[in-house]
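Chemist:
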Amino acid sequence: MLRIKNLKCSYGSIMAVQGVSFSVKQGELISIIGANGSGKSTLLLAISGLLTTWEGEIIFEGKNLKGMSPPDIVKKGICMVPEGRQIFSPLSVVDNLMMGAYTMYRKGKKKEAAQDIDMIMDMFPILRERAHQLAGTLSGGEQQMLAVGRALMSRPRLMVLDEPSMGLAPKMVEMIFGIIQKLRKDGVTILLVEQNARAALKISDRGYVLETGKIVLQGSAGELLVDDDVKRAYLGRDYGDFYDGRR
Ligand code: ATP
8 MLRIKNLKCS YGSIMAVQGV SFSVKQGELI SIIGANGSGK STLLLAISGL
58 LTTWEGEIIF EGKNLKGMSP PDIVKKGICM VPEGRQIFSP LSVVDNLMMG
108 AYTMYRKGKK KEAAQDIDMI MDMFPILRER AHQLAGTLSG GEQQMLAVGR
158 ALMSRPRLMV LDEPSMGLAP KMVEMIFGII QKLRKDGVTI LLVEQNARAA
208 LKISDRGYVL ETGKIVLQGS AGELLVDDDV KRAYLGRDYG DFYDGRR
């Protein structure tokens, strides 16, 4: 579905992504894990058309996305949930969802858009309760649900999520990852970028490890979860094994 070949992204003289290649097949949930500054967000900005200074190939369903504008990329079926949510704070929850459906409104499909809002509120009942609350006054977890809901309004075939667990309490992280798993079961292909490597790999089919702009490791999520280098660098200590009950 998505094939990235030898992607290089730069900001002036800084090469943030240095020849990255990977693929996402239809129906897969793929994680890209990496530390701060490894180039994860840059990669997603290039895929969504928000960064144009890249070389290489980004092929989605057979078409190279080079030169395509962000709205055209959304129309093709890719939608990104950006890092930090970036919801429209002064607008209500329902207005934020409507903004996610602008392509439908432009085509006069108001009824379909209203049905989609209803479907998203069934998926996230808290958003129905808060429908007329200003988005900026929602909790972090609620804002993340709204950002996912807004992205779903464009009926994406590939959803790209940038650090959805950032700044959330463990219970909320569990909930958001549960939602991501459900979306995948419903047929949305997912590319997930996360620093929370353990939580991401636990729900993924495959993963890639990004270090200073290069993919240094790839494999099934199961393989990466038991890989010694991944464990040491990204998974931290497994306190389940560490604590043996002795004082
Ligand atoms: P984080 O997890 O902290 O968000 P990341 O893996 O998403 O990190 P990027 O944000 O893609 O990493 O940054 C990759 C590199 O590119 C970093 O060295 C960063 O300083 C640099 N960079 C990112 N954005 C810009 C910019 N607008 N101008 C210059 N350099 C940038």
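Counting with the numbering used here, you get residues 8 to 254 for the letters of the sequence shown.
C-beta atoms are modelled at their ideal positions from N, C-alpha and C, and glycine is treated no differently.
(1) Mind checking which residues open and close the beta strand (DSSP E) that includes K189?
(2) Does DSSP put I39 in a helix, in a strand, or in coil?
(3) Could you please give me the residues that DSSP links to F67 through a beta bridge?
(4) Taking the alpha-carbon positions, what's the V116 to P171 distance?
(5) Check the C-beta distance from F131 over to G156 and give it rounded, since I have them as a contact under 8 Å.
(6) For the ligand ATP, any of its heavy atoms closer than 7 Å to the Cβ of A228?
(7) Flag A23 as yes when its Cβ comes closer than 7 Å to any non-hydrogen atom of the ligand ATP, and as no otherwise.
(8) Take the Cβ of R92 as the centre, count every other Cβ of all protein chains shown within 10 Å, and call the residue buried at 16 or more, exposed below.
(9) Under the rule that 16 or more other beta-carbon atoms within 10 Å means buried, what is K47, buried or exposed?
(10) Buried or exposed: V233, going by 16 or more other Cβ atoms within 10 Å of its Cβ?
(11) Taking 7 Å as the cut-off, is the beta-carbon of T49 closer than that to any non-hydrogen atom of the ligand ATP?
(12) Return the CA-CA distance between A240 and R205, expressed in angstroms with no decimal places.
(13) Applying the criterion that 16 or more other CB atoms from any shown protein chain within 10 Å of the CB defines a buried residue, is Y18 buried or exposed?
(14) In or out: S55 buried (at least 16 other Cβ within 10 Å) or exposed?
(15) Our contact map puts M160 next to L242 with C-beta atoms below 8 Å; I'd like the distance itself, whole angstroms only.
(16) Under 7 Å Cβ to Cβ from W61, same chain only, skipping five residues before and after it: list those, please.
(17) What would DSSP say about R256, mapped onto helix, strand or coil?
(18) Would the C-beta of G44 count as close to the ligand ATP, meaning under 7 Å from any of its heavy atoms?
(19) Is S96 helix, strand or coil by DSSP?
Modeler: In brief:
(1) Unbroken run through K189 is the alpha helix (DSSP H), 177-192; no beta strand (DSSP E).
(2) strand
(3) L9, K70
(4) The question names Val, but residue 116 is Lys in the sequence shown. Approximately 30 Å between the Cα atoms of the pair.
(5) 6 Å
(6) no
(7) yes
(8) buried
(9) buried
(10) exposed
(11) yes
(12) 11 Å
(13) exposed
(14) buried
(15) Going by Cβ atoms, the distance from M160 to L242 rounds to 35 Å, so no, they are not a contact pair.
(16) L14, K15, C16, A53
(17) In the structure as shown, the chain begins at 8 and stops at 254. Residue 256 is therefore absent and cannot be evaluated.
(18) yes
(19) coil
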